[in-house]
């Protein structure tokens with residue numbers, strides 16, 4: 001190949017990387033061993049250890065034995081006669097990217113041609129690829145979905161003989177020794193095959209594309225023509241699939257530039273992490289990546305998260321490829337200092353533009369510059385305004401993998417891409433669209449509309465169909481009905497054609513599937529624009545329906561299954577049935593409750609559909625505040641990828657938000673503005689339940705789990721100003737003192753001047769004392785200090801006697817937690833007249849989490865909060881003696897608490913539930929502690945005995961009237 005002058009030689013100043021020769025004297029596979037010899041200590045891979053979170057680097061000298069060990073495995077099975085073509089070895093696998101990288105490199109090192117195949121292909125597509133490439137060997141991972149795909153594919157071509165190979169595990173490969181090393185390679189010609197990749201399969205079937213050794217060298221040399229030395233940078237490749245060209249690029253890039261590839265941690269279980277935007281960004285940050293390669297859909301998600309934008313801003317370059325970036329997203333990120341580098345690449349040509357620029361060019365982020373190693377031709381489109389068809393000619397430094405035209409007698413590849421050239425700088429251009437009308441999604445995947453539209457138009461109900469979805473996450477279809485008067489509604493029409501759409505979806509890649517909600521009908525006043533021959537004029541049609549298409553995408557977050565009924569009662573079983581119906585309708589009717597969604601065909605699009613269906617259903621049920629529904633994490637389907645885990649999450653959300661109690665909103669019967677629970681913001685520390693009529697509000701602290709849901713009936717009966725304080729993600733969790741200081745500041749922000757009225761429910765009595773002391777220390781007046789069914793010193797008879805009170809003693813901690821939970825469990829299981837009918841289920845959930853029987857996230861959150869509060873109480877009591885490691889007796893600890901609390905100036909009232917905390921005190925001590933030990937500290941305190949359980953007293957008229965005395 002022709003040697004060129006490079007703008008930025010890679011690794012020239014590196015102490016650990018000695019770049020391989022760039023003159024074509026070595027092929028890609030030969031460079032592996034070259035790097036092990038000349039750059040042994042240079043890091044090739046980086047990942048975060050799943051054990052302790054530390055960063056693990058694998059150097060070239062450590063990686064090469066793994067390459068060779070896997071290559072020996074291939075050689076031991078794959079037979080090749082002398083003079084025969086190199087055997088093709090396919091990979092159809094759900095596996096981590098690092099091991100995938102090693103396996104592809106190993107197949108090359110074994111003298112074979114790797115052929116990674118996307119597991120997103122249809123069985124027919126996979127079968128066609130095997131036949132076309134005459135592939136006789138393939139590695140297939142043993143997960144259920146991949147095995148099913150492989151078996152169905154092979155079943156469609158029974159005459160094609162192929163040998164299944166077990167995918168090697170990371171742990172097996174990286175225990176290699178020098179004995180696994182292979183002898184030096186023989187001569188490898190530049191025109192011999194290096195790897196086979198395949199097209200997207202958006203047409204009827206995907207097509208294999210063979211890349212020779214000569215073709216892949218410019219893949220690795222591309223950065224030499226850019227402005228940045230990649231050597232020793234860390235490239236986040238967490239979000240790109242290895243079967244795609246974007247994933248394969250990590251091999252020549254690391255080999256030829258010295259960049260280190262950062263991947264998710266390798267795993268032996270063939271359950272790689274699903275690369276959702278939050279997961280990829282978290283991994284990118286943890287790996288300390290300085291550069292990134294990603295797809296537009298991830299950029300769009302990150303642009304909505306300030307922390308992600310800040311992380312992108314700190315990178316040297318964010319390289320985006322595979323599809324068009326929405327203008328709004330690119331403009332926003334560029335304006336915030338993100339160095340977006342648009343890379344134009346195709347499997348047929350590699351990367352054809354400069355990578356990477358040091359900063360966004362002054363003309364704008366969307367403009368790209370052709371790399372010097374390619375020879376582009378811009379063919380003007382007749383009757384267009386500055387639009388050109390982009391073609392790449394074969395030249396001394398660039399060999400297209402596919403030749404489909406000639407220019408001036410020279411073989412060339414017609415990309416079918418339409419581009420716009422910059423009006424001032426002729427070296428710059430940007431993609432306008434596709435000449436062949438192929439749709440490129442924001443994921444980088446492509447949909448060929450022609451065969452899909454042709455199949456749809458065979459349905460007698462459909463006159464014309466036009467697919468859309470450029471730069472969007474998923475495809476949709478605009479349909480002109482054969483008879484607009486033959487149906488009564490859009491839903492009816494969708495159901496009428498659904499069998500046809502289902503057939504289309506079955507034969508299409510998953511990214512080309514059409515969901516019911518993305519079917520739009522034409523309007524009589526806007527008929528499709530057709531040519532004289534009756535053909536569709538695609539772009540004018542799409543332009544005419546631009547608004548309707550945009551509205552469909554806006555509504556995609558509200559995707560729901562109309563045939564899924566909401567539960568009559570939101571019990572555990574009801575929620576499970578509801579979630580099961582949604583998931584099975586999207587993934588597979590036979591999907592089991594513990595089957596992993598993403599190991600049974602699920603992908604990002606499926607997750608979006610499931611998430612949106614659940615969110616909309618919950619919103620329609622009016623069981624959860626709208627703000628809570630909106631604040632559900634966008635990736636919760638990824639976090640809980642089975643029906644059982646997902647239903648537990650949904651049930652937990654309903655449980656923790658108190659969905660079972662009737663909502664009160666608007667104005668009370670006294671005309672007072674009262675809080676609408678549908679608007680509850682889980683991020684708001686202070687929630688104003690009633691505005692009152694100018695009196696100072698009673699500010700009530702949450703219970704032990706941090707929630708305020710039990711204040712709903714309490715609120716209904718109040719007739720004066722009432723505020724509540726809840727735990728939020730912002731609340732400090734290190735100590736009770738910090739938490740009280742935090743609440744003090746929050747209250748001061750809302751209510752700068754007193755007097756103040758404060759109350760606590762349950763174990764937050766400790767916080768109440770701390771908060772009152774803080775107010776009084778700052779010169780504020782606290783006129784009311786009320787404790788509802790708890791007093792700090794009652795902690796000992798309630799939880800039990802201890803020989804010593806030592807917060808750092810594991811036995812004391814364990815005993816304190818165990819007894820504390822028994823008390824909480826007992827209170828939760830009280831019926832309280834049916835006021836809180838889900839309490840028992842809440843108790844069961846927390847018990848299962850605390851004993852390790854459940855990993856329900858909401859239950860875990862509540863248990864962690866309870867455990868944290870109990871331990872903070874223990875630490876605080878110990879600290880009163882001057883040291884958290886003190887060994888106080890219970891008597892000494894009680895005396896310390898009493899002395900600490902005695903300095904309070906505010907009037908104290910304590911409300912004791914007849915069947916609440918006193919029921920948790922041993923009978924022999926109950927008469928002594930019937931007032932919860934209040935008198936020893938506050939002899940003149942008002943003690944009010946209230947009939948009811950620990951939670952039930954919140955609806956007790958006597959308690960409510962007493963709390964408001966003097967303020968009504």
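Residue numbers (our numbering): 1 to 968. The C-beta atom is built at its ideal place from N, Cα and C for all residues, glycine as well.
When the Cα atoms are used, what is the spatial distance from residue i to residue j?
| i | j | result |
| --- | --- | --- |
| residue 376 | residue 141 | 41 Å |
| residue 732 | residue 122 | 51 Å |
| residue 18 | residue 184 | 20 Å |
| residue 407 | residue 23 | 27 Å |
| residue 980 | residue 282 | Only positions 1 to 968 of the chain appear in the structure, and residue 980 is not among them; the question remains open. |
| residue 194 | residue 705 | 60 Å |
| residue 870 | residue 707 | 15 Å |
| residue 797 | residue 760 | 20 Å |
| residue 470 | residue 434 | 10 Å |
| residue 160 | residue 139 | 16 Å |
| residue 284 | residue 238 | 7 Å |
| residue 241 | residue 307 | 25 Å |
| residue 90 | residue 317 | 33 Å |
| residue 825 | residue 611 | 32 Å |
| residue 874 | residue 740 | 16 Å |
| residue 364 | residue 312 | 18 Å |
| residue 413 | residue 428 | 20 Å |
| residue 216 | residue 523 | 50 Å |
| residue 196 | residue 211 | 6 Å |
| residue 541 | residue 420 | 21 Å |
| residue 884 | residue 173 | Here residue 884 scores only 46 on pLDDT, less than 50, and its place in the model is too uncertain to base an answer on. |
| residue 391 | residue 168 | 41 Å |
| residue 362 | residue 327 | 16 Å |
| residue 960 | residue 474 | 55 Å |
Tell me, please, which residues DSSP counts as bridged to residue i.
| i | result |
| --- | --- |
| residue 433 | 418 |
| residue 969 | Here the chain covers residues 1 to 968 and nothing more, so residue 969 does not appear. |
| residue 88 | 113 |
| residue 519 | 477 |
| residue 725 | 686 and 701 |
Please classify residue i as buried or exposed, where buried requires at least 16 neighbouring CB atoms within 10 angstroms.
| i | result |
| --- | --- |
| residue 12 | exposed |
| residue 658 | Confidence at residue 658 is low in this model, with a pLDDT of 47, below 50, so the placement of that residue should be treated as unreliable; the coordinate-derived value is given next. Counting Cβ neighbours within 10 Å, residue 658 comes out buried, since at least 16 surround it. |
| residue 198 | buried |
| residue 662 | Legend: pLDDT at residue 662 = 33, less than 50; position of this residue unreliable, value from coordinates given subsequently. It counts as exposed. |
| residue 784 | buried |
| residue 501 | buried |
| residue 458 | exposed |
| residue 753 | exposed |
| residue 10 | buried |
| residue 339 | buried |
| residue 957 | exposed |
My guess is that residue i and residue j are in contact by the Cβ rule of under 8 Å, so how many angstroms apart are they, rounded?
| i | j | result |
| --- | --- | --- |
| residue 323 | residue 368 | Not really, about 14 Å apart at Cβ, beyond 8 Å. |
| residue 994 | residue 206 | With the chain represented from 1 up to 968, any question about residue 994 goes unanswered, as that position is not in the structure. |
| residue 841 | residue 579 | Contact doesn't hold; Cβ gap of about 16 Å is too wide. |
| residue 230 | residue 258 | 7 Å |
| residue 251 | residue 487 | About 53 Å separates the two Cβ atoms, so there is no contact after all. |
| residue 649 | residue 636 | 6 Å |
| residue 441 | residue 472 | 6 Å |
How about residue i and residue j: do their beta carbons lie closer than 7 Å?
| i | j | result |
| --- | --- | --- |
| residue 129 | residue 208 | yes |
| residue 872 | residue 736 | yes |
| residue 964 | residue 720 | yes |
| residue 948 | residue 913 | yes |
| residue 261 | residue 45 | yes |
| residue 463 | residue 482 | yes |
| residue 103 | residue 70 | yes |
| residue 393 | residue 410 | yes |
| residue 715 | residue 698 | no |
| residue 746 | residue 709 | no |
| residue 74 | residue 107 | yes |
For the ligand ADP, is there any heavy atom lying closer than 6 Å to the beta carbon of residue i?
| i | result |
| --- | --- |
| residue 554 | Looking for the ligand ADP in the displayed structure turns up nothing, as the structure carries no ligands at all. |
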